[in-house]
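The block underneath contains the structure these notes are about, expressed in structure tokens.
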Amino acid sequence: MIFEDSMNQPNQTPMHRPENLGQARTAARSMFDPTLLKPAIVDSFRKLAPRTQLRNPVMFCVYVGSILTTVLWIAALAGQAEAPAGFILAIALWLWFTVLFANFAEALAEGRSKAQAASLRQAKHNVMAKKLNEPHPKSPIRITTSTDLVKGDVVLVETGDVIPADGEVIEGVASVDESAITGESAPVIRESGGDFSSVTGGTRVLSDWIVVRVSVNPGEAFLDRMIAMVEGAKRQKTPNEIALTILLVALTLVLLFATATLLPFSMFSVEAAKQGHVVTITALVALLVCLIPTTIGGLLSAIGVAGMSRMMQANVIATSGRAVEAAGDVDVLLLDKTGTITLGNRQASAFTAAPGVQERDLADAAQLASLADETPEGRSIVVLAKQRFNIRERDMASLHATFLAFSAQTRMSGVDLPGREIRKGSADALKRYIEERGGRFPQEVQTAVDDVARRGSTPLVVAETSHGTTRALGVIELKDIVKGGIKERFAELRKMGIKTVMVTGDNRLTAAAIAAEAGVDDFLAEATPEAKLATIRSHQSEGRLVAMTGDGTNDAPALAQADVAVAMNTGTQAAKEAGNMVDLDSNPTKLIEIVEIGKQMLMTRGSLTTFSIANDVAKYFAIIPAAFATTYPQLRVLDVMHLASPSSAILSAVIFNALIIVFLIPLALKGVKYRALGAASLLRRNLLIYGLGGLLLPFPFIKLIDMVITALGWS
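With the numbering used here applied, the sequence shown corresponds to residues -7 to 707, in that order.
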């Protein structure tokens, strides 16, 4: 690594600056990008090594068939021909193309992941580190480099410094630029204690200082793990992928043995019938390659690599393909209420006026008291008054107003105007305020306060003092607003057979009200770490796969237990180590998107498997009559495509078998379109589109290839 002083970084092009790496990483790359195509073509030939081919048993059969037909062609040139040398060469070349196209699909998928990993490597810097002898900012400093830091070391990071390694803030508070990791330009606050103490190496402190205890050894940092995770070459096969591979291998073995018996059967038949020709080994190899599931065999690895790549484009790091696949199989989602189901900030939703007070007057007074309130609640009161009654914000200078900030002692805020005082705050504080000034707190206002609290919202009371009289104007309801469209997304999940469970620390009454409004299937109120863990284990004991999100140390036990555990990047180190995914955007709602990406990968694999097996039928109708009709003329009835000659029929089927892999590469990398459907509906859709399509599509295209071959005189 080149040593770079963190206070004096060398000139970098905009795309190579750390703050742009997040965007560079997540930017969608075209699969026809020359920077991806050229290396993929080279890798296609490199993957012809026998050891590499052996990893894919289905394509290994094609590989062996390619070698065998090449040997037969050489033998034909030497005068030992079982078939015309030109025909054998054409079959051999297209079989090699079949292997190369499968290699190309995998190499292209891996190339996209490697491009993402390369952009991540640019975020790594061997930066200066201010190592402390003791965990205190005034401790003696020893200047070293980030590569020399080990787990347990303590470093001081000041304004402008790059954080040298992953760790936990143990002292201080600072504003940190994490755009190199998340792609978000807005800085975040990192401080000691709580759930926002974790920092990542490669990010930069913008202001103040922090003391960080390093939590990883060299080579184990978050960026190192990210790079290893997104490199497709290091991807392990998932359980479902292994199971499908075993099925495909079993099917291939059955067809291999069946094809092998056709040679002695043909020899016997020709001898017995005293007519026709013994089927050639070249024709048998072509038959085997066309009948085994080469399409899905060639694309299976690419589908898995592309699934992890799509997860990375969503700014989610999965520790393995297993985690992505498990996301597709999830049937229970545990979702935090705050930030996931609700906006997290309470918003003004209604004004309830006291007897004798117009609602507009209450809204006007509430807005006046909130003009200097920069909290989300205060701004929402101003907006609600504007929306309901078109009350515009005032000219602050012309009001001659004195604003009183909220304090924990008075539990109220407000504004003093010439001849008028307005206060807003908790019901208890305002009741005491009114009664101390000789006013009366109406029972109707108390009832409104109780009703708001019963609905799980927060009541604020507004009071006015004018001409020596203090009175209550009414109640503002602050509500934790359910996110728009979330109910519809939960309905989609329900169609897919996924149960949603809202997790909240609220009491049961509040939780029930929000759960009903959001449309979740169940809720866990007054949630504790033990309650979350027990809930997950309960669902898992019923044979369900559970997904959840978390960011705090108290979430770590539940994250470790969940099948899909998404830790927030802003969370603690314990949470990130317990999870099997990390959301770089720290967006709890991302869990729903993660499940959709996982399901899309499974849908893509299922769709292409259905298509691959179905389109073998057409190739059967092309090759079987061509190979055996001279011995058994009755088989000509199977030649429904009326192909020109036996040699063109076999060659057309082999060419189609190779080209279909090329045409399906974009679908394998992009994935089939995600649809919120149940398993039965998806099966019907797969059979109708990919099953029937795979059955019918080869017939016209094999016929078209046959016509082209005949027109060129190659038949």
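Even for Gly, the Cβ is constructed at its ideal location relative to N, Cα and C.
A quick note: this is a predicted structure, and the numbers were derived from the prediction, not measured.
Handout entry: Cβ-based neighbour list, residue 210, same chain, cut-off 6 Å, excluding 5 preceding and 5 following
Key = Correct list, in chain order: 139.
Exercise for the section: Would you tell me roughly how many angstroms separate the C-alpha atoms of residue 540 and residue 664, rounded to the nearest one? Expected result: Answer to the nearest angstrom: the Cα atoms are 25 Å apart.
Practice task
Could you say which of 688, 248, 564 lies nearest to residue 189 if we only look at CA atoms?
Solution key: Minimum Cα distance to residue 189 is reached at 564.
Exercise for the section: Just tell me which of 575, 428, 501, 481 has its CA closest to the CA of residue 442. Expected result: Here the closest residue by C-alpha is 501.
Problem - Of the residues 354, 574, 666, 626, the one placed nearest residue 304, counting alpha carbons only - result: The candidate whose alpha carbon is nearest that of residue 304 is 574.
Problem - Residue range of the beta strand (DSSP E) that includes residue 164 - result: Unbroken beta strand (DSSP E) run through residue 164: 159 to 169.
Handout entry: Reference residue 623, options 179, 268, 85, 151, closest by Cα
Key = If we check each option's Cα against that of residue 623, 268 comes out closest.
Exercise for the section: Could you check what DSSP says for residue 393 in three-state terms: helix, strand or coil? Expected result: Correct three-state label for residue 393: coil.
Practice task
Would you kindly work out how many angstroms separate the C-alpha atoms of residue 358 and residue 374, rounded to a whole number?
Solution key: Looking at the backbone, the Cα of residue 358 and that of residue 374 are separated by about 8 Å.
Practice task
Return the chain-ordered ranges of every alpha helix (DSSP H) run that is complete within the segment 284 to 318 and spans a minimum of 4 residues.
Solution key: As far as the segment 284 to 318 is concerned, its whole alpha helix (DSSP H) runs of at least 4 residues are 286 to 305.
Practice task
Specify, as a first and last residue, the run of the beta strand (DSSP E) that residue 488 falls within.
Solution key: For residue 488, no beta strand (DSSP E) segment is defined, and its DSSP state is neither H nor E.
Practice task
Could you pull the start and end residues of the beta strand (DSSP E) that residue 533 belongs to?
Solution key: Under the DSSP assignment, residue 533 falls outside any beta strand (DSSP E), being part of the alpha helix (DSSP H) whose first and last residues are 521 to 533.
Practice task
Can you tell me the Cβ-Cβ gap for residue 440 and residue 467, rounded? I've got them flagged as a contact below 8 Å.
Solution key: Between residue 467 and residue 440 the Cβ distance is about 4 Å, and since that is below 8 Å, they are a contact.
Handout entry: Segment contact flag, the segment 601 to 615 with the segment 570 to 586, C-beta cutoff 8 Å, min 3 pairs
Key = These segments do not touch.
Exercise for the section: For residue 201, name the three-state secondary structure that DSSP assigns. Expected result: In the structure shown, the three-state DSSP call for residue 201 is strand.
Practice task
Give the straight-line distance between the Cα atoms of residue 731 and residue 76, rounded to the nearest whole angstrom.
Solution key: For residue 731 there is no data in the structure shown, the boundaries of the chain being -7 and 707.
Exercise for the section: Please state whether DSSP places residue 339 in a helix, a strand or coil. Expected result: Residue 339: strand per DSSP, three-state reduction.
Exercise for the section: Enumerate in chain order the residues of its own chain whose CB-to-CB distance from residue 362 is below 6 Å, with the five nearest sequence positions on each side excluded. Expected result: Within the same chain, residue 362 has close Cβ partners 370, 373, 374.
Handout entry: Member of 543, 100, 485, 492 whose CA lies at the smallest distance from the CA of residue 31
Key = Residue 31 has its Cα closest to that of 100, out of 543, 100, 485, 492.
Practice task
Tell me residue 466's beta-bridge partners as DSSP assigns them.
Solution key: BP columns for residue 466 point to 345, 454.
Problem - Contact belief for residue 248 with residue 280 at Cβ below 8 Å, rounded distance in angstroms - result: About 6 Å separates the CB atoms of residue 248 and residue 280; that is less than 8 Å, so the two are in contact.
Handout entry: Alpha-carbon to alpha-carbon, residue 659 and residue 536
Key = Taking the Cα positions, residue 536 is about 30 Å away from residue 659.
Exercise for the section: Evaluate contact between the segment 408 to 421 and the segment 324 to 336, counting only Cβ atoms and requiring at least three cross-stretch pairs below 8 Å. Expected result: Taking 8 Å as the limit for Cβ pairs, the verdict is that the segment 324 to 336 does not touch the segment 408 to 421.
Handout entry: residue 88 vs residue 58 beta-carbon contact at 7 Å
Key = Cβ atoms of residue 88 and residue 58: closer than 7 Å.
Exercise for the section: Would you tell me roughly how many angstroms separate the C-alpha atoms of residue 310 and residue 208, rounded to the nearest one? Expected result: Taking the Cα positions, residue 310 is about 19 Å away from residue 208.
Exercise for the section: Between the Cα of residue 321 and those of 257, 670, 605, 615, spot the shortest distance and give me the residue it belongs to. Expected result: It is 670.
Handout entry: Collapsed DSSP secondary structure at residue 415 in the structure displayed
Key = In the structure shown, residue 415 sits in a strand (DSSP, three-state: E or B).
Problem - Span of the beta strand (DSSP E) around residue 557 - result: Unbroken beta strand (DSSP E) run through residue 557: 556 to 560.
Exercise for the section: Could you tell me whether the segment 587 to 600 touches the segment 635 to 649, using the rule of 3 or more Cβ pairs below 8 Å? Expected result: When C-beta atoms of the segment 587 to 600 are compared with those of the segment 635 to 649, fewer than three pairs fall below 8 Å, so the two segments do not count as touching.
Handout entry: residue 339 versus residue 161 - alpha carbon distance
Key = In a straight line, the C-alpha of residue 339 is about 33 Å away from that of residue 161.
Problem - Buried/exposed call for residue 258, threshold 16 Cβ in 10 Å - result: The Cβ neighbour count for residue 258, taken over all protein chains shown within 10 Å, is at least 16; the residue is labelled buried.
Handout entry: Local Cβ density within 10 Å of residue 308, reported as buried at 16 or more and exposed below that
Key = Buried: at least 16 other Cβ atoms inside 10 Å.
Exercise for the section: Give the straight-line distance between the Cα atoms of residue 749 and residue 568, rounded to the nearest whole angstrom. Expected result: Because the chain is modelled from -7 through 707, residue 749 falls outside the range shown and cannot be assessed.
Problem - Within 7 Å, strictly: CB atoms of residue 274 and residue 61 - result: In this structure, residue 61 lies closer than 7 Å to residue 274 by Cβ.
Practice task
Following the continuous beta strand (DSSP E) through residue 409, name the residue where it begins and the one where it ends.
Solution key: Element bounds for residue 409: 404 to 409.
Problem - the segment 118 to 131 contacting the segment 142 to 151, beta-carbon criterion three pairs below 8 Å - result: Yes, since at least three Cβ pairs between the segment 118 to 131 and the segment 142 to 151 fall closer than 8 Å, the two stretches touch.
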